[in-house]
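Same order as they appear, the protein sequences are chains A and B.
Heads up: the first sequence is residues 1 to 420, going by the UniProt record's numbering.
Heads up: the second sequence is residues 1 to 134, going by the UniProt record's numbering.
Think of the CB as a built atom: it goes at the ideal place given N, C-alpha and C, for glycine as much as any other residue.
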Amino acid sequence: MNNITALDNQTNAKRKFDIKEVRSDFPILNEKVHNQSLIYLDNGATSQKPQTVIDAIDNYYQHFNSNVHRGAHALSDKATELFENARVKVQNFIRANSREEIIWTRGTTESINLVAQTWGRENIGAGDEIIVTTLEHHSNIVPWQILCESVGARLLPVNIKTNGELDYEHFTQLLSAKTKLVAVGHISNALGVINPVEDMIKAAHQVGAKVLIDGAQAAPHLVIDVQQLDCDFYAFSGHKMFAPTGIGVLYGKRDLLDAMPPWHGGGEMIEKVSFSGTTFNKLPYKFEAGTPNIEGSIAMAAAIDYLEQFDRDGMTEYEMDLINYATEKAQSIPEMKIIGSDCNKTSVLSFIIEGCHSQDVGMILDQQGIAVRTGHHCAMPLMDALDLKGTIRASFSFYNTKQEVDKLFEALEKAKQFLM
Amino acid sequence: MTTPEDIIDTLSFFDSWEDRYKYMIDLGKSLPPMDDALKTEERLVPGCQSLVWIEPTFENDKFSFQVDSDALIVRGLLAIVMAAYNNKSSQQIIEFDIQNYFSQLDLIKHLSPTRGNGLQAMVEKIKQLATSYS
Ligand SMILES: Cc1ncc(COP(=O)(O)O)c(C=O)c1O
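Laid out in structure tokens, this is it:
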């Protein structure tokens with residue numbers, strides 16, 4: 001395996017983005033569902049995996065399977081090396097300052113809960129305030145509600161405007177000396193709206209608050225630079241960025257992580273255990289109790305390699321081309337109303353068809369081989385704020401095509417015929 | 001009145017998904033709507049994506065049900081369930097093999113609790129009612 005860092009990668013010649021070749025990297029895209037070619041537009045829920053990621057898992061179990069940091073034998077050394085190289089790969093992927101700032105978790109949800117239960121319990125008390133936004137995924141609401149409930153703090157949501165955009169003015173009004181934390185999604189999963197996190201981080205720091213960014217939807221679409229952002233914590237999941245499920249990352253600034261008490265207790269996270277007292281391991285192991293998801297970490301490194309072989313700005317452009325094309329086509333259906341429009345967003349088309357239930361539309365699309373998500377998208381407060389029961393969400397990735405967008409609209413016409 | 005056998009016959013006659021779905025949607029459209037005043041929280045069956053309401057009545061040893069949903073295809077599925085359960089005795093309801101019925105209709109996946117359409121929860125509720133009256 002290689003030790004190439006992102007920096008080395010940048011100096012290498014990039015692979016040309018050829019959509020045909022790219023699609024052939026993802027074996028599942030050849031599947032049929034209901035006897036039709038699969039059109040996978042549910043990338044916001046989880047992404048598909050390139051062959052190199054699948055191979056990385058396979059390769060690990062065929063050649064390197066062993067527990068990490070433990071055995072005094074060759075296989076364990078090799079597994080540990082791959083596992084720790086993967087950590088460095090993630091460090092470079094998000095431009096973190098050190099490998100100690102990269103904590104492996106099961107995913108975004110676990111990363112956020114870790115911060116709530118450790119940093120949160122130490123630093124947030126009665127009368128303090130945590131700011132989230134109405135756009136958040138439940139994963140970035142419920143852990144804070146649980147914390148607030150137990151320490152007597154208050155959770156304040158930032159309003160949104162009618163187009164789905166965050167009401168920035170309301171955010172600045174909510175900020176005060178009582179604000180201890182701002183927890184905000186980088187990109188809304190339900191609408192694809194990109195939040196102005198850089199400005200929010202600066203404003204939050206001015207009142208002395210820390211900032212956690214839920215980057216679950218950003219990692220697959222944007223180049224992330226945690227040092228430039230200057231966020232205090234950044235959480236994301238492997239499975240949404242072409243890596244397997246069950247692996248994710250918590251980034252935290254080193255001084256904060258150092259000062260935080262451990263969360264889960266067990267093996268790996270200790271330095272010395274005795275019944276008269278236990279001392280904890282150093283970063284990042286302090287937060288990694290038990291045998292980790294070794295193959296997940298290694299496959300995540302393979303996913304990063306996959307992404308970074310291309311010019312990522314070019315991929316974003318390609319995705320924006322798709323969403324612009326889809327948005328334009330949407331004008332041809334008078335009953336279609338896009339939710340989250342005229343604002344900075346990624347390749348997500350969240351919409352309703354007036355007169356049709358989203359679930360009905362989703363079922364008719366499914367019959368035509370098209371996978372979309374329907375419903376509240378784990379963002380019930382957002383749906384309430386927009387006075388919607390749910391939306392239909394087509395979320396595009398760089399392996400989708402304009403032909404697939406065309407098929408989506410043909411399928412929507414059919415759904416309309418059936419349901420109206 | 002439409003019987004389960006009628007529905008099995010009709011659905012097995014179609015060979016395209018379009019015809020099957022059109023039929024289910026038609027069933028949904030012809031399901032008598034529930035009075036809006038009855039669509040209360042208490043009559044709501046826990047689902048997720050679509051809402052399902054049920055109001056049972058027990059008279060002359062038979063159950064009758066008013067059911068409704070905000071989603072059209074789910075209404076169709078409700079009509080299919082009602083063909084089996086409406087105006088039946090507790091004994092008949094308990095004895096009816098709904099799993100087998102739905103698998104014959106090739107609709108078994110809609111009876112899964114993970115579908116989030118409330119159908120499975122409604123079937124459970126009807127069976128419980130029948131058991132408590134038997
Ligand atoms: C914005 C956002 N936050 C958090 C999550 C939760 O991620 P996971 O389920 O991988 O922990 C998701 C996934 O749906 C998401 O889209």
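Asked	Found
Contact the stretch 282 to 294 of chain A vs the stretch 257 to 267 of chain A: 3+ CB pairs below 8 Å	yes
Any C-beta of chain B under 8 Å from that of glycine 355 (chain A)	no
Proximity winner among A:Asn65, A:Ala218, A:Asp230, relative to alanine 209 (chain A) (alpha-carbon distances)	A:Asp230
Coarse secondary structure for asparagine 2 (chain A), derived from DSSP in three states	Caution applies to asparagine 2 (chain A), whose pLDDT of 45 falls short of 50 and renders its modelled position unreliable; the value that the coordinates give is listed next. Note: asparagine 2 (chain A) maps to coil in three-state DSSP.
Partner residues on chain B for glycine 390 (chain A), Cβ-Cβ distance less than 8 Å	Gln49
Neighbouring residues, chain E, relative to aspartate 70 (chain B) (Cβ below 8 Å)	In the structure shown, chain E cannot be found, because the protein chains are A and B.
Contact list for the stretch 371 to 389 of chain A against chain B, Cβ threshold 9 Å	Thr374, Gly375, His376, Lys389
Test: asparagine 2 (chain A) CB closer than 8 Å to a CB of chain B	In this prediction, asparagine 2 (chain A) has a pLDDT of 45, which is less than 50 and means its spatial position is unreliable; nothing more can be read from the coordinates.
Which residues DSSP lists as bridging glutamate 129 (chain A), in chain order	A:Arg154, A:Thr179
Residues from the stretch 3 to 27 of chain B in contact with chain A, defined by Cβ distance under 7 Å	Trp17, Tyr21, Lys22, Ile25
Within-8 Å CB hit, isoleucine 364 (chain A) to chain B	yes
CB contact below 8 Å: phenylalanine 351 (chain A) versus chain B	no
Glycine 192 (chain A) versus A:Arg70, A:Met336, A:Leu166, residue with shortest Cα-Cα distance	A:Leu166
Beta strand (DSSP E) segment containing alanine 394 (chain A), residue limits	391 to 395
Rounded separation between methionine 315 (chain A) and proline 220 (chain A) - CA only	10 Å
Touch test, the stretch 128 to 135 of chain A against the stretch 105 to 113 of chain A, Cβ-Cβ under 8 Å, three pairs minimum	no
Buried versus exposed, by CB contacts within 10 Å (16 or more), phenylalanine 13 (chain B)	exposed
Unbroken stretches of the alpha helix (DSSP H), 4 residues or longer, contained in the stretch 14 to 89 of chain A	19 to 24, 51 to 59
Interface flag, leucine 174 (chain A) vs chain B, CB-CB below 8 Å	no
Within 8 Å, strictly: CB atoms of serine 358 (chain A) and isoleucine 352 (chain A)	yes
Lysine 416 (chain A), enclosing alpha helix (DSSP H) - first and last residue	402 to 419
Test: isoleucine 73 (chain B) CB closer than 8 Å to a CB of chain A	yes
Cβ-Cβ separation, isoleucine 7 (chain B) to alanine 83 (chain B) (assumed contact under 8 Å), whole Å	6 Å
Of the listed residues A:Met300, A:His376, A:Lys345, A:Phe242, nearest to glutamine 91 (chain A) (C-alpha basis)	A:Met300
CB of lysine 14 (chain A) within 8 Å of CB of aspartate 311 (chain A), strictly	yes
Sequence-distant residues of the same chain with beta carbon closer than 7 Å to asparagine 3 (chain A), five excluded per side	For asparagine 3 (chain A), the predicted structure reports a pLDDT of 46, less than 50, and the residue's modelled location is therefore unreliable. A value from the coordinates is still provided. So the list reads Asn85, once near-sequence residues are dropped.
Beta-bridge pairing of alanine 235 (chain A) - partner residues as DSSP gives them	A:Asp214, A:Leu250
Status (buried if at least 16 other CB within 10 Å, exposed otherwise) for threonine 346 (chain A)	buried
Closer than 8 Å to chain B by CB, alanine 6 (chain A)	Because the pLDDT of alanine 6 (chain A) is 47, which lies under 50, any placement of that residue in the model is unreliable, and the number read from its coordinates should be weighed accordingly. So, not an interface residue.
Where the alpha helix (DSSP H) containing phenylalanine 351 (chain A) begins and where it ends	Not the alpha helix (DSSP H): phenylalanine 351 (chain A) falls in the beta strand (DSSP E), residues 348 to 353.
In chain order, each beta strand (DSSP E) run of at least 3 residues that lies wholly inside the UniProt domain "Fe-S metabolism associated" (9 to 128) of chain B	52 to 59, 62 to 69
beta-carbon histidine 239 (chain A) near ligand 1 non-hydrogen atom, thresh 7 Å	yes
Any C-beta of chain B under 8 Å from that of leucine 38 (chain A)	no
Chain B contact for histidine 34 (chain A) (CB, 8 Å cutoff)	yes
Within 8 Å, strictly: CB atoms of glycine 152 (chain A) and alanine 126 (chain A)	yes
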